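A short worksheet on the structure shown next.
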Amino acid sequence: MTPVASLGRSGLADFVLQRATAVVLAAFALCVLGWFLAAPVNHARLAAFFGTLPMRAFTTLAILALAAHAWIGMWTVGTDYVRRHYFGRRHALYLAIYQIGCAALVFLYLVWPLAVVWGVAR
Amino acid sequence: MKAERPVDLPLPSLFAAMPATAVASILHRATGVVLFFGLFYLVYLLDLALADPAGFERAAAIATTPAGKAALWLILAALAYHLAAGAKHLLQDLHIGDSLVGGRIGAWLSILLGAAGAALAGVWLW
Ligand code: HEM
Chain A
5 MTPVASLGRS GLADFVLQRA TAVVLAAFAL CVLGWFLAAP VNHARLAAFF
55 GTLPMRAFTT LAILALAAHA WIGMWTVGTD YVRRHYFGRR HALYLAIYQI
105 GCAALVFLYL VWPLAVVWGV AR
Chain B
416 MKAERPVDLP LPSLFAAMPA TAVASILHRA TGVVLFFGLF YLVYLLDLAL
466 ADPAGFERAA AIATTPAGKA ALWLILAALA YHLAAGAKHL LQDLHIGDSL
516 VGGRIGAWLS ILLGAAGAAL AGVWLW
């Protein structure tokens, strides 16, 4: 059976994707966290930090990684719990609603921060 | 005789009876879900803070209210744990520390690292 709405076309592809994206997200999180710990934070410095081309590229990569990682992760959680055993006869409907909700939030996490880091000329 | 209702399940002791590996696993999942929703707050703050100096001040004001700080702490603590346990996961995928004993040590290590990260985040925020 093909897992409906899996991101890659197989469980193995999803597995590999989730690991590769995890590495990107870890690097990005440590990078941003390190900056916040090191620097006195104000608007000008923050804008300068996120405004450089390398940082914009890195942020874009992290946003793409996040979309894949979060979708696969939330998909796994949903398919583990929203099943007939717990949710009864209409479990498929509830799972669909859950997945549409997750997809909407993933989409927001894709376009919103992209607009934030690329949108404004600064 | 009628049984007393409702029955309180001994949840804390059920939790304590779980092997560390089970606790580590469910925490990784719980923190992943917390991050998924917490990200909304982070992106919102970043959006404000990058818009202009006034927006930065607003973001800073939100993030320094008690609730704003508590939310940041929750997200940072979740990140610390998810990161530590995620790194453990990646190592185990490479067959490093994937024996039974290694798994137990890794579970404790990631719980300790996560707790340390949560404590450091608390010190940083307050
Ligand atoms: C920052 C945003 C992040 C979000 C929203 C997020 C979310 C999630 C979610 C919801 C899951 C599914 C949990 C499960 O199936 O039990 C997951 C799994 C995973 N996460 Fe993350 N995560 C993030 C960052 C990271 C980072 C930085 C790492 C790197 C160390 C990481 C490593 C992993 C790994 C390895 C898994 C797979 C676990 C498994 O297969 O059981 N994640 N993540």
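For the protein sequence lines, the chains are A and B, in the order given. Using the numbering used here, read the first sequence as starting at 5 and increasing by one per residue. Using the numbering used here, read the second sequence as starting at 416 and increasing by one per residue. C-beta: ideal position from N, C-alpha, C; glycine also. As the structure is a computational prediction, the values presented were derived from the model and not from experiment.
Straight-line gap, residue i to residue j (C-alpha atoms, nearest Å)
| i | j | result |
| --- | --- | --- |
| Phe-19(A) | Leu-505(B) | 11 Å |
| His-95(A) | Arg-88(A) | 5 Å |
| Lys-484(B) | Ala-119(A) | 26 Å |
| Tyr-98(A) | Gly-15(A) | 22 Å |
| Ala-432(B) | Pro-117(A) | 42 Å |
| Leu-454(B) | Leu-460(B) | 10 Å |
| Val-81(A) | Ala-66(A) | 22 Å |
| Ala-106(A) | Ala-61(A) | Reading the sequence as shown, one finds Cys at residue 106(A) and not Ala. Between Cys-106(A) and Ala-61(A), the C-alpha separation is close to 25 Å. |
| Gly-532(B) | Trp-79(A) | 27 Å |
| Asp-462(B) | Ser-10(A) | 30 Å |
| Ile-526(B) | Trp-488(B) | 17 Å |
Extent of the continuous alpha helix (DSSP H) run through residue i
| i | result |
| --- | --- |
| Leu-109(A) | 95 to 118 |
| Ser-3(A) | The structure shown does not extend to residue 3(A), since chain A is modelled only from 5 through 126, so no value can be given for it. |
| Asp-513(B) | Run containing Asp-513(B): none; DSSP gives neither H nor E here. |
| Arg-88(A) | 88 to 91 |
Proximal residues of chain A, C-beta to C-beta of residue i below 8 Å
| i | result |
| --- | --- |
| Gly-501(B) | Ala-26 and Ala-30 |
| Val-458(B) | Tyr-113, Trp-116, Pro-117 and Val-120 |
| Asp-467(B) | His-47 |
| Ala-533(B) | Going along chain A, no residue has its Cβ under 8 Å from Ala-533(B), so there is no contact; the nearest lies around 14 Å. |
| Ala-476(B) | None at all; the shortest Cβ gap to chain A is about 13 Å. |
| Leu-489(B) | By Cβ distance, chain A contributes nothing, its closest Cβ being about 15 Å from Leu-489(B), past 8 Å. |
For residue i, the nearest candidate out of the options (CA to CA)
| i | options | result |
| --- | --- | --- |
| Gly-548(B) | Ser-440(B), Ala-530(B), Trp-488(B) and Ser-428(B) | An answer regarding residue 548(B) cannot be provided, because it is not within the stretch 416 to 541 covered by chain B. |
| Ala-33(A) | Val-81(A), Ala-42(A) and Thr-63(A) | Thr-63(A) |
| Phe-451(B) | Trp-122(A), Phe-111(A) and Phe-54(A) | Phe-111(A) |
| Gly-518(B) | Glu-472(B), Val-438(B), Val-538(B) and Leu-429(B) | Val-438(B) |
Chain B contact residues for residue i, given Cβ-Cβ distances below 8 Å
| i | result |
| --- | --- |
| Val-81(A) | Arg-444, Gly-447 and Val-448 |
| Leu-50(A) | Ala-464, Leu-465 and Phe-471 |
Beta-carbon neighbours of residue i, restricted to chain A and to distances below 9 Å
| i | result |
| --- | --- |
| Asp-508(B) | Phe-19 and Arg-23 |
| Leu-528(B) | Ordered by position in chain A, no residue passes the 9 Å Cβ test against Leu-528(B), which lies about 13 Å from the chain. |
| Asp-462(B) | Trp-116, Pro-117, Ala-119 and Val-120 |
| Leu-505(B) | Arg-23, Ala-26, Val-27 and Ala-30 |
Contact with chain D by residue i, beta-carbon distance below 8 Å
| i | result |
| --- | --- |
| Phe-62(A) | Reference to chain D is not applicable here, since the protein chains of this structure are A and B. |
Amino acids of chain A, ordered along the chain, whose beta-carbon sits closer than 7 Å to that of residue i
| i | result |
| --- | --- |
| Leu-454(B) | Tyr-113 |
| Leu-494(B) | Ala-33 |
| Leu-498(B) | Ala-30 and Ala-33 |
To test your reading of the DSSP string, which unbroken alpha helix (DSSP H) runs of 4 or more residues are found completely within the region 41 to 72 of chain A? 47 to 55
Going residue by residue through the region 443 to 524 of chain B, where are the continuous beta strand (DSSP E) segments of at least 3 residues, counting only ones entirely within it? none
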